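Here's the structure, in structure tokens; my notes come after.
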Amino acid sequence: MSMSSEIEFITACKEKVLSGQKISKEESDRLINTPEEYLQILSDAANEITRKLCGNVVDVESLINAKKGKCQEDCSFCSQSAFYKTDIDTYKLLPPETIVQNAMLSKNDGVKSFCLVCAWRGPTEKDFEQISSIIDKINKEVGIEVNCSLGFITQDMALKLKKLGVKRYNHNLEAPRSFFSQICTTHTYDDRMETNLIVKNAGLELCCGGIIGMGETRMQRLELGLDLAGLSPEECPINVLVPQQGTPLELQTRLSISEILRTIAVFRFLMPKTILKIAGGREVYLSNDQERALLGGANGIITGGYLTIGGNSPPDDFQMISKIGLEA
Ligand code: SF4
């Protein structure tokens, strides 16, 4: 491929996306395989799409692991699965006051949204009632946008969350369809798809993404991106696996920075208006390159730590965002 034709191709795809058209499967195949020497051009094009269609704001969210560990599912990347001997601390659903306090701290730090996450297959009716009253308390006492990630939920539960004013529901596809059974055997990819449809049917915004770097191929990463795009999520978190001791993926080879940046850029072409959030793995992999990710297609971060690993503090993140000329 000559230099000009590669640049011309990336530019043509970018123009197509900017004019509101979708790129074809063949075009996305070629984009994800952009030769290394044109990676910056690919990132710049993804950045232009982001700036033109999403503006300069970076979505900053914090989350709380409201119930940790002892999950009955066997997701092989997850240190919260009861199947593996990991050394994380575990706890049942946190007391409402603790969760409300955390929401307040996030709000005071200038964080825009607060996501309640529980490690379980899905809530029982009793769990759901407790969660509902916690959300009610946050609404009354804090007033911050509340999002949830509660696993598999029924249509009825989704409708109740909507009524409670929950804005967005997170349920990731986690892995590409063709790779999913190697990652989890206690539920299927279709189970996950179904929950996403329940969420959308209830009128909740959908936050749906996945984890890269679990041993899938580059083309499988694209497969995941295409499926995600098909769901048109309002938000898509891209996690990069941080191998957790005691899990089956503890020795997984880490992805290169360029592979991560390539994935983020192409996901932007596939989901031009979605909040693409660099989530778990940001601090571990991207320390100084996170600015490149935010100038290469990503426009969201999770601040203040993740479910089982720590993260940057909100003030540090806000400083980083303004340093690169973006807003939070
Ligand atoms: S990813 Fe979620 S469902 Fe899977 S084991 Fe971890 S907490 Fe459970």
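Numbering (full-length UniProt numbering), first residue to last: 1 to 328. By construction, the Cβ of each residue, glycine as well, lies at the ideal position given by its N, Cα and C atoms. Small disclaimer: the values here were computed from a predicted structure and weren't measured.
So, for residue i: in the same chain, excluding its five sequence neighbours on each side, which residues have a beta-carbon less than 7 Å away from its beta-carbon?
| i | result |
| --- | --- |
| Gly296 | Ser43, Ala46, Asn47, Leu261, Ile264 and Ala265 |
| Thr90 | Lys68, Gly69 and Lys70 |
| Glu291 | Met320 and Ile324 |
| Thr185 | Asp74 |
| Gln21 | none |
Using 10 angstroms around the beta-carbon of residue i, count the other beta-carbons present and answer buried if the total reaches 16, otherwise exposed.
| i | result |
| --- | --- |
| Arg51 | exposed |
| Leu249 | buried |
| Asn33 | exposed |
| Gln319 | exposed |
| Asn239 | buried |
| Pro35 | exposed |
| Lys85 | exposed |
| Ser232 | exposed |
| Leu150 | buried |
| Met271 | buried |
| Pro123 | buried |
| Ile324 | exposed |
| Leu294 | buried |
| Gly143 | exposed |
| residue 338 | Because the chain spans 1 through 328 in this model, residue 338 falls outside it and cannot be assessed. |
| Ser106 | buried |
| Ser322 | exposed |
| Asp317 | buried |
| Glu125 | exposed |
| Ser28 | buried |
| Glu37 | exposed |
Quick one: measure Cβ to Cβ for residue i and residue j, integer angstroms, because I've assumed they're closer than 8 Å.
| i | j | result |
| --- | --- | --- |
| Leu224 | Leu173 | 6 Å |
| Pro96 | Lys137 | 6 Å |
| Val146 | Leu63 | Rounded, the Cβ-Cβ distance is 11 Å, inconsistent with contact. |
| Ser81 | Glu73 | 6 Å |
| Ser113 | Glu61 | 5 Å |
| Ile183 | Phe77 | 7 Å |
| Ile23 | Val17 | 6 Å |
| Lys273 | Cys54 | 6 Å |
Ignore the nearest five residues each way along the sequence and tell me which others in residue i's own chain have a CB closer than 8 Å to its CB.
| i | result |
| --- | --- |
| Glu194 | none |
| Leu93 | Ala66, Lys67, Cys118, Asp127, Gln130 and Ile131 |
| Lys25 | Leu226 |
| Glu216 | Ala175, Pro176, Phe179 and Leu224 |
Could you name the residues of the same chain whose beta carbon sits closer than 6 Å to that of residue i, not counting the 5 residues immediately before and after it, in chain order?
| i | result |
| --- | --- |
| Asp59 | Ile275 and Gly300 |
| Tyr189 | Arg177 and Phe180 |
| Ile257 | Asp289 |
| Ile135 | Val146 and Leu164 |
| Met157 | Phe128 |
Taking the Cβ atom as the reference point for each residue, do residue i and residue j lie within a distance shorter than 8 Å?
| i | j | result |
| --- | --- | --- |
| Arg221 | Pro176 | yes |
| Pro314 | Lys277 | no |
| Phe267 | Cys13 | no |
| Ala229 | Gln155 | no |
| Leu255 | Pro243 | no |
| Ile302 | Ala279 | yes |
| Leu206 | Glu234 | yes |
| Tyr169 | Leu159 | no |
| His171 | Cys115 | no |
| Glu141 | Val166 | no |
| Glu283 | Gly304 | no |
| Gly246 | Asp109 | no |
| Asn56 | Leu241 | no |
| Ile7 | Ile49 | no |
| Arg121 | Phe152 | yes |
So that I know if they touch, is there some Cβ in chain C lying closer than 8 Å to that of residue i?
| i | result |
| --- | --- |
| Glu37 | Absent from the structure is chain C; it holds one protein chain and no more. |
Could you please go through the chain and list the residues whose beta-carbon is closer than 5 Å to any non-hydrogen atom of the ligand SF4? Cys71, Glu73, Cys75, Cys78, Gln80, Ser81 and Ala119
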